[in-house]
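Working notes for the structure below.
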Ligand SMILES: [Zn+2]
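Residue numbers (the working numbering): 651 to 1089.
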């Protein structure tokens, strides 16, 4: 807070409008008046958001005023309210939640009567990506793997971009289907795997990417071949390339979640998993651009979500979808955006059956997404609403912050990938007709 005040005062001191004298003829506010405003604001804890300063430091954590906090919350309705107040909930316990919040959000949270039990500044857990976690694939290495797969398996694969990010990076899809290539339509049932929607969830890229590698290395086994001969499989390992690049750009993790849109006011990022047109920006999303759960100015305001939307709508053959996130070891299915269970009982049976089977392979806990908290505008609700796709969110390893949170280290990659290959193969096994599970 001291740092923020100092930065604000520095801005005023060097501003050319005030260098010429005390008075700004346009707005008639004197330098002294402005200073006194800052002082008054500070004492009443209503400082303006330091957004303009954040922009100047967009490669570092210096202006990141987020803290990792623990807040008392009795039930999913209180958890939903906290999301709306700008808390980026990461862990849920009976009676409390933990996650990231900026100073402004923390003030809102306490103003609304919630109790913050613990608070640690984000500076205190900055970690090094390249040295400690070199096994993880950055964007370039991910592309190298994808290109390598496409080159080594030209009969079975094609590689294409489904669109560009805010900063102009391609969002790459690997298609595994020997019968149809590129963007040619298919009558085969489709399975769609996507990952790294949220920037800091790097383990998800590993799971999606290495599943592709495993499938193609085992393409001649009977187990895999039957799917290559009958299904249309797409894998998008990085859905948010700008965010991913930003999170590791300096060799220090930034705990970045959103994409890299420049918001009005100078903050960055929209939460892509709140930006889909499914009860958009109702419960569990924030309208504050600085919040980690910011839903964006409108549904599908972001090029990344529009690319996914157009990709899905152009492929009515897609039957199943798996969106990988971290962390908590959960298997989540719609609704995310409503506390009510799915209205269609047949569909609910399919979702529940698949979730239980997924759980058997991974050890993760299956539940309706909104049992955690209600969150509107996510991928899975939209995919189910728009195209009746059986769409799941996995929250991968670890279970708790103590297991490394978003950065659990390279040691967890192998087991997580292996467990999830089994789950992904199970998804392929029902993609021909998910409704067989309800009969
Ligand atoms: Zn996520």
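Glycine is no exception: its CB is placed at the ideal position from the N, C-alpha and C atoms.
Just so we're clear, the structure is a prediction, and the values are computed from it rather than from any experiment.
- Message: I need the straight-line Cα distance from residue 783 to residue 738, nearest angstrom please.
- Response: 24 Å
- Message: Are there any heavy atoms of ligand 1 lying less than 7 Å away from the beta-carbon of residue 923, as far as the coordinates show?
- Response: yes
- Query: Could you give the distance in angstroms between the alpha-carbon of residue 1083 and the alpha-carbon of residue 922?
  - Reply: 29 Å
- Query: Helix, strand or coil: how does DSSP classify residue 1034 here?
  - Reply: helix
- Around the C-beta of residue 1069, are 16 or more other C-beta atoms found within 10 angstroms, so that it is buried, or is it exposed? buried
- So, residue 988 versus residue 1024, is the Cβ gap smaller than 8 Å? yes
- Message: The beta strand (DSSP E) that contains residue 738, what's its start and end?
- Response: 738-743
- Could you tell me whether any non-hydrogen atom of ligand 1 is closer than 7 Å to the CB of residue 847? yes
- Task: Indicate, with yes or no, if ligand 1 has a heavy atom lying under 7 Å from the CB of residue 952.
- Result: no
- Can you give the Cα-Cα distance for residue 917 and residue 938, rounded to whole angstroms? 10 Å
- For residue 933, I'd like the list of residues in its chain whose CB is within less than 6 Å of its CB, leaving aside the five on either flank, ordered along the chain. 730, 1024, 1026
- Item | Own chain residues within Cβ distance below 6 Å of residue 753, not counting five before or after | 715
- Item | For residue 729, three-class secondary structure by DSSP | helix
- Query: In the structure shown, what three-state DSSP assignment does residue 1063 receive?
  - Reply: helix
- Where residue 1100 sits in the DSSP three-state scheme: Nothing can be reported for residue 1100: it is not among the residues displayed for the chain, which extend from 651 to 1089.
- Message: Excluding the 5 residues flanking residue 1088 on each side, which residues of the same chain have their C-beta closer than 7 Å to its C-beta?
- Response: 996, 999, 1000
- Query: By how many angstroms is the C-alpha of residue 757 removed from the C-alpha of residue 764?
  - Reply: 10 Å
- Query: Among 810, 1059, 726, which one has its Cα closest to the Cα of residue 744?
  - Reply: 726
- Item | C-alpha distance - residue 845 paired with residue 858, whole-angstrom precision | 6 Å
- Item | Environment of residue 983 [buried if 16+ CB atoms lie within 10 Å] | buried
- Query: What does a CB cutoff of less than 6 Å around residue 1074 pick up in its chain, not counting 5 residues either side in sequence?
  - Reply: 861
- Query: Quick one: does the C-beta of residue 975 sit closer than 7 Å to a heavy atom of ligand 1?
  - Reply: yes
- Message: In the DSSP output, which residue or residues are listed as bridge partners for residue 1041?
- Response: 971
- Message: Tell me the DSSP secondary structure of residue 746 in three-state form.
- Response: strand
- Message: Contact defined as beta carbons within less than 8 Å: I believe residue 952 pairs with residue 920. What is the distance between those atoms, to the nearest angstrom?
- Response: 5 Å
- Task: Would you check whether ligand 1 has a heavy atom nearer than 7 Å to the C-beta of residue 856?
- Result: no
- Across which residues does DSSP place residue 884 in a beta bridge pair? 825, 842
- Tell me whether residue 908 is buried or exposed, calling it buried when 16 or more other Cβ atoms sit within 10 Å of its Cβ. buried
- Determine the DSSP secondary structure at residue 1052, reduced to helix, strand or coil. helix
- Going by beta carbon distance, what residues of the same chain come within less than 7 Å of residue 789, once the five residues before and after it are set aside? 888, 891, 894, 895
- Task: Give me the Cα-Cα distance between residue 1006 and residue 1071, rounded to the nearest whole angstrom.
- Result: 16 Å
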